[in-house]
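Take the sequence shown: its letter number 439 is residue 439 in full-length UniProt numbering, and every next letter is one higher.
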Amino acid sequence: MVDNARPPLFLRARASTTLILLAVFLAVLVDTAAYSIAAPIIPFRLERLGYRNVGSKVGWIIACFGAGLIVATPIAVYIASKTSNRQIPLLGGAVSMAGSIVLFMECKGFAPMLVARLWQGLSGTILWTFGLALVIDSVPEQHVGKSLGIVMSGLSVGEAIGPPIGGALYRHLGWRAPFVFLLILLVVDIVLRLLIVEKKTALMWIKRGVTIRGFSAPDYPPPNSVSKEEAVVPLAPSSTVTSSEATEVAATVLPKPEADGANLWETMWRLVHNPRAAVALSMAFLYGADFGLLEAGMVLYVKEHYGLDEQGAGLIFLAVVIPSFIIAPLAGWLTDLYGSKWPATVGMVIVTAAYALLIIRGPLALFIFFLVLIGASRFSLIAQYADTSIRAGVGLAAVSTPTTHDLNVAATATPGATSAQIFAAFNLAFSLGSFVGPIIGGELMSGLSTRNGFVAIVVIGAGLVALCTPFVLLFTGGRLGAKRPETKEKELAGVEEIPLRAVQEK
């Protein structure tokens, strides 16, 4: 295959890290908004379609998104580890997401809604897996953590705008309006993805003699080479550039694919036999399950007991989401300062108390205050801000909050594990929780009265957190009583490896 001799128009801008981060940020935002925008409007839609036992159906619709993540994550991670192309899968994921949104928008029955949400979960996995891989492929290792922090902030923004915009648009413009809003965002997202020139392609043009000022890529320029600002390779006599040349150049300066080692299931098996990693994965499951429980029942509860419509129900979700913008970086700072054990333990205690306090039948302002406590403390357990790379090669960006920080530290004790597998393990645990939680919450809301069902939800939520708190105290950040390493490097150096054979013999 022969490419055109002329470089792409606006190559410098299209190959810039800024454009890549913007595109992935928007991809994360769209995926999260697609998930959250339906939460405040599904119960009202089902009631207007004439369904009964709405609580149960809401739970299953929400859970299907998690089911899609569970099914697609191992497949997407495997494909991402076998191919260096990120743009085509990302475009395919965006088109697939658009199809799922159109299907959901046109649904007039419960079964098609289940299919649409499952499809959304499958599509979202593609966006996440290949989007984060594109960032890691495009950014020098020392900037991976900061860059992932930027794109992952799309998660908080998507959670924040989805429910209130969804509720308001449905209330004033009808059922299709929220999904038209999502499709508009997706069009912008697709345009950005079409504009992107991947770093390996830009390096091909540098080899052919094109100057790209300010260009950066992992391990570029090579040691003892000229400055990036003036990096240029003499133009070869040929007037064309082949795709094989692009591969050759990329292999020279871009990170090598992670070596084959343990597969995903071997990695999971090793992690669950490490107490520190097992607790971290349990917290990911708990995070998904507890919020799924609350999400399945909260809209019906505030509708019946506070008289809120779609718009009001959407605004209620802000009480859980907005604290993340303040607490997430604070939790990361506390984790760096004091270690992960005590911020995580304090967060668990606050979550337990806040869930229990939701039982109180008070004014709406008090209910919102308790939700704020839950929102603040849940982000002390798992947050979306990346900190720094802790593994060799491309590395895995350690998230500077207790749960993901501990998972990354424990991951160093898992020989053969790749960064994609560690991400997949965390994602699978969270997805399993987000699948189980809504189903239980929805069945409780249908099987009991609205009030009793919601009480059961918060009791179960508080009980699960309380049950896990002693294990967090014992194992998060290392065993209780163990001296904390002075630096992150010493912490990583002191982690004992877990060979697969030793795990299997247990």
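All C-beta atoms, glycine included, are put in the ideal place defined by N, C-alpha and C. This structure is a prediction, so every number in the text was calculated from the model and none was measured.
Counting pairs of beta carbons, one from the region 30-43 and one from the region 85-92, are three or more of them closer than 8 Å?
-> no
Go through its chain and collect everything with a Cβ distance to F317's Cβ below 6 Å, but skip five positions before and after it.
-> In the sequence shown, residue 317 corresponds to position 317, counting from 1. So the list reads P163, once near-sequence residues are dropped.
As assigned by DSSP and simplified to three states, the class of I360 = Locating residue 360 in the sequence shown gives position 360, where the first residue counts as 1. Three-state DSSP puts I360 in coil, outside helix and strand.
Can you tell which of R361, I327, T345 and K341 has its C-alpha closest to the C-alpha of V372?
-> In the sequence shown, the residue the question calls residue 372 occupies position 372. Closest by alpha carbon: I327.
For V458, does the count of other Cβ atoms within 10 angstroms reach 16, so buried, or fall short, so exposed?
-> The sequence position of residue 458 within the sequence shown is 458, counting from 1. When all chains shown are included, V458 counts as buried.
Inspect the beta-carbon positions of A429 and G288 and report whether they are closer than 9 Å.
-> Position 429 of the sequence shown, counting from 1, holds the residue named residue 429. Position 288 of the sequence shown, counting from 1, holds the residue named residue 288. Yes.
Segment limits, alpha helix (DSSP H) that includes G59 | As a first step, residue 59 must be located in the sequence shown, where it is residue number 59. V54 to K82 is the extent of the alpha helix (DSSP H) around G59.
By DSSP, does W175 sit in helix, in strand, or in coil?
-> For the purposes of this step, residue 175 is taken as residue 175 along the sequence shown, with counting starting at 1. W175: coil per DSSP, three-state reduction.
When the distance is taken between beta carbons, is V299 closer than 9 Å to A462?
-> What you label residue 462 is simply residue 462 of the sequence shown in a count that begins at 1. What you label residue 299 is simply residue 299 of the sequence shown in a count that begins at 1. It is not a contact, given that the beta carbons lie outside the stated cut-off.
Which stretch, first to last residue, makes up the alpha helix (DSSP H) that contains E310?
-> On the sequence shown, residue 310 is found 310 positions in, with the first residue counted as 1. Membership of E310 in the alpha helix (DSSP H) is indicated by the continuous run E310 to I316.
Residues of its chain near L286, where Cβ-Cβ distance is below 7 Å and the 5 sequence neighbours each way are ignored = Locating residue 286 in the sequence shown gives position 286, where the first residue counts as 1. Listed in chain order, the non-local C-beta contacts of L286 below 7 Å within the same chain comprise G433, L464, V465 and C468, local neighbours out to five positions each way being set aside.
Report yes if the CB atom of V135 is closer than 9 Å to the CB atom of V151, and no otherwise.
-> Your numbering for residue 135 matches position 135 in the sequence shown. Your numbering for residue 151 matches position 151 in the sequence shown. Yes, these two residues count as a Cβ contact at 9 Å.
Mind checking R6: buried by the 16 CB within 10 Å criterion, or exposed?
-> Mapped onto the sequence shown, residue 6 falls at position 6. Per the 10 Å Cβ criterion, exposed.
What is the residue span of the alpha helix (DSSP H) that A98 lies within?
-> Mapped onto the sequence shown, residue 98 falls at position 98. Q87 to M105 is the span of the alpha helix (DSSP H), which, as asked, contains A98.
Does the Cβ of I359 have 16 or more other Cβ atoms within 10 Å, making it buried, or fewer, making it exposed?
-> Sequence index remark: in the sequence shown, residue 359 carries index 359 (1-based). Exposed, because fewer than 16 other Cβ atoms sit within 10 Å of the Cβ of I359.
7 Å CB neighbourhood of A98 in its chain, flanking five on each side removed | Counted from its first residue, the sequence shown places residue 98 at position 98. Correct list, in chain order: L183 and L186.
State the DSSP-derived secondary structure class of G393, mapped to helix, strand or coil.
-> Translated into positions along the sequence shown, residue 393 becomes position 393. Because G393 carries a pLDDT of 24, less than 50, the predicted location of this residue cannot be relied on, and the following value inherits that uncertainty. Three-state DSSP puts G393 in coil, outside helix and strand.
Could you tell me if N274 is buried or exposed, where buried requires 16 or more neighbouring beta carbons within 10 angstroms of its beta carbon?
-> Translated into the one-based positions of the sequence shown, residue 274 becomes position 274. Answer is buried; the Cβ neighbour count reaches 16.
Within the same chain, show all residues whose beta-carbon is closer than 6 Å to that of T345, passing over the 5 residues directly before and after it, in chain order.
-> The count along the sequence shown starts at 1 and reaches residue 345 at position 345. Closer than 6 Å at the Cβ level, and outside the excluded window around T345, lie V472 and L473.
Closest by CA to L22, which one among F369, S138 and A425?
-> The residue labelled residue 22 in the question sits at position 22 within the sequence shown. The option with the nearest alpha carbon to L22 is S138.
Could you please give the first and the last residue of the uninterrupted alpha helix (DSSP H) stretch that includes L448?
-> The sequence position of residue 448 within the sequence shown is 448, counting from 1. Counting along the chain, L448 sits inside no alpha helix (DSSP H), nor does DSSP assign it H or E at all.
Measure from the alpha carbon of E443 to the alpha carbon of each residue in R12, R52, S16 and R48, then state which is nearest.
-> One-based indexing of the sequence shown puts residue 443 at position 443. The shortest C-alpha separation from E443 is found at R52.
Got a sec: is the Cβ-Cβ distance from A72 to anything in chain B below 9 Å?
-> In the displayed structure, chain B is absent; only one protein chain is listed.
Which one of V210, G174 and H305 has the shortest CA to CA distance from R45?
-> For the purposes of this step, residue 45 is identified with residue 45 of the sequence shown, where counting begins at 1. Out of V210, G174 and H305, G174 has the C-alpha closest to the C-alpha of R45.
Just curious, the alpha helix (DSSP H) that R117 is in, first and last residue?
-> Residue mapping note: residue 117 aligns to position 117 of the sequence shown, counting from 1. That run of the alpha helix (DSSP H) goes F110 to S138.
Beta carbon of T125 nearer than 9 Å to that of T73 = Residue 125 sits at position 125 when you count from the first residue of the sequence shown. Residue 73 sits at position 73 when you count from the first residue of the sequence shown. A contact, by the Cβ cut-off of 9 Å.
Does DSSP put S431 in a helix, a strand or coil?
-> As a position in the sequence shown, residue 431 is number 431, starting the count at 1. S431 falls in the helix class under three-state DSSP.
Any idea what DSSP makes of T211, helix, strand or coil?
-> Against the sequence shown, residue 211 aligns to sequence position 211. It is coil, neither helix nor strand.
Take the Cβ of residue 508 as the centre, count every other Cβ of all protein chains shown within 10 Å, and call the residue buried at 16 or more, exposed below.
-> An answer regarding residue 508 cannot be provided, because it is not within the stretch 1 to 506 covered by the chain.
In or out: P323 buried (at least 16 other Cβ within 10 Å) or exposed?
-> As a working mapping, residue 323 is identified with position 323 in the sequence shown. Buried, by the Cβ-count rule.
From the DSSP output, in three-state form, read off Y170 for me.
-> Numbered from its first residue, the sequence shown carries residue 170 at position 170. Looking at Y170 - three-state DSSP - the assignment turns out to be helix.
Go to Y287, then tell me how far its alpha helix (DSSP H) extends in each direction, as first and last residue.
-> Within the sequence shown, residue 287 is the residue found at index 287, counting from 1. Per DSSP, Y287 is one residue of the alpha helix (DSSP H) stretching across P275 to Y306.
Closer than 6 Å by C-beta to W205: which residues in its own chain qualify, once you throw out the five before and the five after it? Chain order, please.
-> On the sequence shown, residue 205 is found 205 positions in, with the first residue counted as 1. Same-chain partners within the cutoff: P7.
Quick one: grab the DSSP three-state call for V197.
-> In the sequence shown, residue 197 corresponds to position 197, counting from 1. In the three-state reduction of the DSSP assignment, V197 falls in the coil class.
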